[in-house]
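Every number in my numbering is 27 more than the matching position in the sequence shown, counting from 1.
This report concerns only the one structure given below.
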Amino acid sequence: MEKSTATPDGYTYSYVLNACAKGSLFREGQQLHGKILKKLPLLNVFVQTNLVNLYATTGEDYGIRDARKVFDEMNEKNVVTWNSLLFGYFRYGDVDEALIIFDEMPDKNVVSWTTMIAGCTQNGRCQQALALFRMMQRRYVEFDQVTLVAVLSACAELGALDLGKWIHSCVFESSQFRNEPVLVSLYNALIHMYASCGEIEEAYRVFQGMPRRNSVSWTSIITGFAKQGYAHEALTIFQQMESWGGNDVRPDEITFLAVLFACSHAGYVNEGYRYFKCMKETWGVEPRIEHYGCMVDMLSRAGLFDEAVALVETMPMKPNEAVWGALLGGCKIHKNVRLASSVAQKLAVELEPDRAAGYFVLLSNLYATDKRWRDVVVTRQKMFGIGMKKPPGQSRIEAEGTIHSFLASDLNHKHACSVYEMLGLLTGQAKLQGYQPSVSEEELIV
């Protein structure tokens, strides 16, 4: 077009900028931005909005900075402009700035609310995501199926089963969605939510009731069965997936992670080797470090330490903490103190103190189960000496529609006294029934 006599206008540039954003062609988009400034002295809102969107989708520091610069220079903004900047801050990981932008928006639509809920969930602010959904309901903002996909993702992370069930009934029983087909992504989100909340039978019912499935559908149910300990069912469904056929149903990296996870936790070593091999040979999926980590975990759990160490040493990439941690976990199961000590030393060198702390606690506990009390003391002293501090464990529970979070050794909860009193009572009753902790509470204090 540039070589012809035709002159591109603002609408032409808008379409091309949008194509650059979708294709991650940021350098080409920047070059086009320069041409636009020369060709069009006055930019309309559509061109400027697409420029904001182009830079916002990078997720990089320079991108969000340029997106904000274009945004601030605009005399006229519409809700799409605001939503593009909002998305950019979430993509960059700046949730607090996104919240400020959201509060400043003169008009909000369902996309604005959905972007907020999805962005908070993807950045680990799931409680905030559900709070936004409740606020959306209180303000009578009509949500759509895409909104519910985002909310279900937060429910899955928090274990908010009651809200997830409400959404399920809302989709299939309320008049709001009665006359529109249910999105495949919404079915997938329901499967993920039920599986994450331990309701694997309900997840499978949703899967069976789907009029159409894609790769994510199959992967979600396979992952659900694998993580709930149903390895045989997970592998059976994977075999069904293999024979299903179709371009939109092919196992990918995540599918094989679930399959290898199932093999690892069920002790299916031969099957694990076979699936690991067929990843690339049959499906053209290149194994990543996560897949090697699953294989190391499988071999370590089976007590095949020579094979596990050999795999670590011949991996095409440098082993990370997850790989070493898998090896260390197998050492704990089989009380292989010698190898565990060697692995822990590698982790101490390669990781920051706080990231290595959990592995050293595991090593200390392993020494304790072997009654090597001197090594327990030495390990704890080493942790203290280099400033290691294990991040506190966290758990959540849903009660009467409210998610309650608990941190180990946390005294800030408003019912902390009652919680610790009940915990002490339950621990005492457990000990009367013969329960013996592998390491005393005093030994676990760092």
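All C-beta atoms, glycine included, are put in the ideal place defined by N, C-alpha and C.
Since the model is a prediction, treat every value here as computed from it, not as a measurement.
When the Cα of residue i is compared with those of the options, which residue comes out closest?
{"i": "Thr263", "options": "Arg232, Asn80, Val286", "result": "Val286"}
{"i": "Met7", "options": "Phe387, Leu188, Met322, Asp397", "result": "Residue 7 cannot be examined here, being either before or after the span of the chain that is shown, 28 to 473."}
{"i": "Asn45", "options": "Thr108, Trp193, Tyr394", "result": "Thr108"}
{"i": "Ala187", "options": "Val97, Arg205, Met220", "result": "Met220"}
{"i": "Cys153", "options": "Met132, Thr39, Val122", "result": "Val122"}
{"i": "Gly61", "options": "Cys358, Phe73, Lys49, Tyr40", "result": "Tyr40"}
{"i": "Cys358", "options": "Gly330, Ala375, Lys345, Glu348", "result": "Gly330"}
{"i": "Pro343", "options": "Val446, Arg161, Arg315, Ala384", "result": "Arg315"}
{"i": "Met237", "options": "Arg166, Gly86, Thr250, Asn215", "result": "Asn215"}
{"i": "Phe98", "options": "Glu184, Ser391, Asn71", "result": "Asn71"}
{"i": "Pro346", "options": "Ser391, Leu374, Gln266", "result": "Leu374"}
{"i": "Phe234", "options": "Thr406, Gln203, Met268, Asn206", "result": "Met268"}
{"i": "Thr309", "options": "Ala293, Asp333, Asp279", "result": "Asp279"}
So, at 8 Å on beta carbons, what are the nonlocal neighbours of residue i in its own chain, with the 5 sequence-adjacent residues on each side left out?
{"i": "Tyr129", "result": "Here residue 129 turns out to be Phe, not Tyr, going by the sequence shown. Hits under 8 Å: Leu113, Lys135, Ser139, Met143."}
{"i": "Gly461", "result": "none"}
{"i": "Ser31", "result": "Its pLDDT being 48, under 50, Ser31 is placed unreliably by the model, and nothing is read from it."}
{"i": "Asp397", "result": "Lys362, Val364"}
{"i": "Val296", "result": "Cys290, Met325, Leu326, Ala329, Leu331"}
{"i": "Gly356", "result": "Asp324, Ser327, Arg328, Leu389"}
{"i": "Ile227", "result": "Tyr221, Gly251, Phe252, Gln255, Tyr257"}
{"i": "Asp333", "result": "none"}
{"i": "Asp88", "result": "Tyr119"}
Suppose contacts are defined by Cβ-Cβ distances below 9 Å. Is residue i in contact with residue j by that definition?
{"i": "Ala145", "j": "Ser111", "result": "no"}
{"i": "Gln255", "j": "Val209", "result": "no"}
{"i": "Cys305", "j": "Ala353", "result": "no"}
{"i": "Thr141", "j": "Ala177", "result": "yes"}
{"i": "Val364", "j": "Arg399", "result": "yes"}
{"i": "Arg277", "j": "Ser242", "result": "yes"}
{"i": "Gly120", "j": "Asn150", "result": "yes"}
{"i": "His259", "j": "Phe283", "result": "no"}
{"i": "Glu313", "j": "Lys307", "result": "yes"}
{"i": "Leu81", "j": "Ile63", "result": "no"}
{"i": "Leu217", "j": "Ile194", "result": "yes"}
{"i": "Cys47", "j": "Gly56", "result": "yes"}
{"i": "Gly86", "j": "Arg118", "result": "yes"}
{"i": "Gly251", "j": "Ser223", "result": "yes"}
{"i": "Ala253", "j": "Phe204", "result": "no"}
{"i": "Leu185", "j": "Leu157", "result": "yes"}
Report the CB separation of residue i from residue j in whole angstroms; it is logged as a contact under 8 Å.
{"i": "Asn476", "j": "Thr76", "result": "Because the chain here runs from 28 to 473, residue 476 falls outside it and cannot be looked at."}
{"i": "Cys197", "j": "Gly191", "result": "Incorrect: roughly 11 Å between the Cβ atoms, too far for contact."}
{"i": "Ile360", "j": "Arg328", "result": "6 Å"}
{"i": "Val211", "j": "Val168", "result": "With a Cβ gap of about 25 Å, Val211 and Val168 do not count as contacting."}
{"i": "Leu389", "j": "Ser368", "result": "No, Leu389 and Ser368 are not in contact; Cβ-Cβ is about 11 Å, not under 8 Å."}
{"i": "Phe170", "j": "Met162", "result": "The Cβ separation is near 12 Å, so there is no contact."}
{"i": "Val74", "j": "Leu59", "result": "That belief does not hold up - the Cβ atoms of Val74 and Leu59 are roughly 10 Å apart, past 8 Å."}
Counting only the same chain and skipping the five closest in sequence on each side, list residues whose C-beta sits under 6 Å from that of residue i.
{"i": "Asp402", "result": "Tyr394"}
{"i": "Gln155", "result": "Cys147"}
{"i": "Glu468", "result": "Note that Glu468 scores a pLDDT of 45, beneath 50, so its modelled location is shaky and nothing firm can be said."}
{"i": "Thr246", "result": "Ile281, Thr282"}
{"i": "Ile127", "result": "none"}
{"i": "Phe265", "result": "Ile249, Val286"}
{"i": "Glu124", "result": "Tyr116"}
{"i": "Ile91", "result": "Gly115, Tyr119"}
{"i": "Leu159", "result": "Met143, Ile144"}
Looking only at its chain, what residues have a beta carbon closer than 7 Å to the beta carbon of residue i, apart from the 5 residues adjacent to it on each side?
{"i": "Val323", "result": "Ala335, Leu338, Val339, Val350, Ala353, Leu354"}
{"i": "Leu471", "result": "Note on Leu471: pLDDT 38, under 50, position unreliable in the model; no value is reported."}
{"i": "Ala94", "result": "Val79, Tyr82, Ala83, Leu112, Gly115"}
{"i": "Arg232", "result": "none"}
{"i": "Ala293", "result": "Ala258"}
{"i": "Ala230", "result": "Ile218, Tyr221, Ala222, Ile248, Gly251"}
Within 8 Å: the Cβ of residue i and any heavy atom of the ligand MG?
{"i": "Lys409", "result": "No copy of the ligand MG occurs in the structure displayed, which carries no ligand at all."}
Identify every run of the alpha helix (DSSP H) within the region 170-226, keeping only runs that are complete inside it and at least 4 residues long; order them along the chain.
-> 172-185, 188-200, 211-223
Give, in chain order, every unbroken run of the alpha helix (DSSP H) that is at least 4 residues long and sits entirely within the region 126-171.
-> 137-149, 153-165
With a floor of 4 residues, list each alpha helix (DSSP H) that falls wholly inside the region 225-280, ordered by position along the chain.
-> 227-235, 242-254, 258-271
Please specify which runs of the alpha helix (DSSP H), each continuous and at least 4 residues long, are wholly inside the region 59-100, giving them in chain order.
-> Within the region 59-100, the complete alpha helix (DSSP H) runs of at least 4 residues are 72-83, 88-100.
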